[in-house]
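Notes follow once the structure below has been shown.
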Amino acid sequence: MHSAPFFIAQSEGFYEEEGLDLEHIQFPGGLDTVRGIESGIGFGTSSTLPVFIAAEKGMDVRTFGNVYTAASVDFIALQDSPINTIEDARGKKVAVSSPGSNSTYFAERTLREAGLQPGSDVELVSVGSASDSWTAVSQGVVDIAWTASPLSEKIAAESGGKVIWRSRDYVTDWSDTCLVATGQFMDENADALRGWGRALQKAMDMISNDVEAAAEVYARAIQYEPEIALEALSNSQNFFSLEFTDAQLQTVVEAGKEQAQLTRDPDMDAIVVRDFLS
């Protein structure tokens, strides 16, 4: 879902209006993305936590804008499952991708928020990707799958699934993805990066003010049915912003420390360039 503003900005000509000719390149994970940025690409968008992990490892990376501010992991079950709420997960098996992953963190955290203890009240089973997770539910290996929007809405519409709970209902302060660049790239390409920010703001404004038109563009970009893209974008309409809050960043850092991915508090002033896009 976090990719929506980028696809919209490209398709609607917002990049071109800023004199930008950009190609979207995908990496398999957030830390891989940050490594790609640091090793030569120079800028991009990444999950927020890997930026702090990379900075702790000594990489020259900065974040200068928020993107998607909702905890993105959802949990779904078969339509005819007796599971309808997170409390119904007691005694059940919940699929996650792998230990230390976002899906594992949000499964553990949301279950604890609901009064359930992962490992005793609920068994977490590592199965891989969101698609693999849904396959595991469909085959009866687990009872609840992890996924993320817009796949959550696609599965519900096309494969007989239902969303049981969303992590964002329990984790209300979060920065899921952000804008990232090396310090050198920011110094040498400040005008281009600010133009990129303006283009993305136009896309976010389109999502806020005309979600149906935004969904049509997004649907074409990700090759989804328009009504599914509209439902997904409508569900996330209020979670796009270029601005950080202290609470969002602190929650991300706490998640990293809880998972032993961060060993200390990061130097926020050195990593987060708050006024760059203003």
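The sequence shown begins at 839 in my numbering and counts up one residue at a time. Quick reminder that beta carbons are idealized off the backbone N, C-alpha and C, glycines included. Everything numeric in this text was worked out from a predicted model, so none of it was measured.
Whose C-alpha, out of Ala1067, Pro937, Arg1006, Ile1109, is nearest the C-alpha of Glu1096?
Stepping through the sequence shown from its first residue, residue 1096 is reached at position 258. Minimum Cα distance to Glu1096 is reached at Pro937.
According to DSSP, is Val1055 part of a helix, a strand, or is it coil?
Translated into the one-based positions of the sequence shown, residue 1055 becomes position 217. Reduced to three states, the DSSP call for Val1055 is helix.
For Ser885 versus Asp1043, is the C-beta spacing smaller than 8 Å?
Your numbering for residue 885 matches position 47 in the sequence shown. Your numbering for residue 1043 matches position 205 in the sequence shown. Cβ atoms of Ser885 and Asp1043: not closer than 8 Å.
Counting Cβ pairs, one atom from each stretch, are 3 or more of them under 8 Å apart for the region 914-924 and the region 987-998?
Because the criterion of three Cβ pairs below 8 Å is met, the region 914-924 and the region 987-998 touch.
Three Cβ pairs or more, each shorter than 8 Å: is that satisfied between the region 965-972 and the region 1020-1028?
They do not touch, by the three-pair rule.
Mind listing, in chain order, the continuous alpha helix (DSSP H) runs of no fewer than 4 residues lying wholly within the region 866-898?
You should have 868-874, 886-894.
Along the chain, where does the alpha helix (DSSP H) that runs through Leu1038 open and close?
For the purposes of this step, residue 1038 is taken as residue 200 along the sequence shown, with counting starting at 1. Here the alpha helix (DSSP H) through Leu1038 covers 1028-1047.
Helix, strand or coil at Asp1107 according to DSSP, with G and I counted as helix:
On the sequence shown, residue 1107 is found 269 positions in, with the first residue counted as 1. The DSSP-derived three-state label of Asp1107 is helix.
Give the DSSP bridge partners of Gly903, in chain order.
Translated into positions along the sequence shown, residue 903 becomes position 65. Paired residue(s): Leu1017.
Which value, in whole angstroms, describes the spacing of the CA atoms of Gly896 and Thr871?
The residue given as residue 896 occupies position 58 in the sequence shown. The residue given as residue 871 occupies position 33 in the sequence shown. Note on geometry: alpha-carbon atoms of Gly896 and Thr871 lie some 16 Å from one another.
Our contact map puts Ala986 next to Asp912 with C-beta atoms below 8 Å; I'd like the distance itself, whole angstroms only.
Reading the sequence shown from its first residue, position 148 is the one you call residue 986. Reading the sequence shown from its first residue, position 74 is the one you call residue 912. About 6 Å separates the CB atoms of Ala986 and Asp912; that is less than 8 Å, so the two are in contact.
Please name the residue, chosen from Ile1002, Arg1036, Gly978, that lies closest to Asn904 on a Cα-to-Cα basis.
In the sequence shown, counting from the first residue as 1, residue 904 sits at position 66. The residue with the shortest Cα to Cα distance from Asn904 is Arg1036.
Meets three-Cβ-pair contact criterion under 8 Å: the region 1088-1108 and the region 932-949
Contact between the region 1088-1108 and the region 932-949 is present: 3 or more CB-CB pairs across the two stretches fall below 8 Å.
To the nearest angstrom, how far is it from the Cα of Gln864 to the Cα of Ser958?
By one-based count along the sequence shown, residue 864 stands at place 26. By one-based count along the sequence shown, residue 958 stands at place 120. Rounded to the nearest angstrom, the gap between the Cα atoms of Gln864 and Ser958 is 37 Å.
Would you check if the distance between the CB atom of Pro1064 and the CB atom of Ala1057 is smaller than 8 Å?
Taking the first residue of the sequence shown as position 1, residue 1064 is located at position 226. Taking the first residue of the sequence shown as position 1, residue 1057 is located at position 219. Contact flag set, yes.
Residues that DSSP places opposite Pro956 in a beta bridge:
Stepping through the sequence shown from its first residue, residue 956 is reached at position 118. Looking at the DSSP assignment, Pro956 forms a beta bridge with Val960.
Mapping the DSSP letters down to three states, classify Arg1004 as helix, strand or coil.
Start at 1 with the first residue of the sequence shown, and residue 1004 comes out as number 166. Under the three-state reduction of DSSP, Arg1004 is assigned to strand.
Using three-state DSSP, classify Phe1078 as helix, strand or coil.
By one-based count along the sequence shown, residue 1078 stands at place 240. Of the three classes helix, strand and coil, the one that applies to Phe1078 here is strand, per DSSP.
Taking Glu1121 as the reference, which of Asp1029, Gly1033, Ala1028, Asn1073 has the closest Cα?
Since the first residue shown for the chain is 839 and the last is 1116, residue 1121 is missing from the structure and cannot be characterised.
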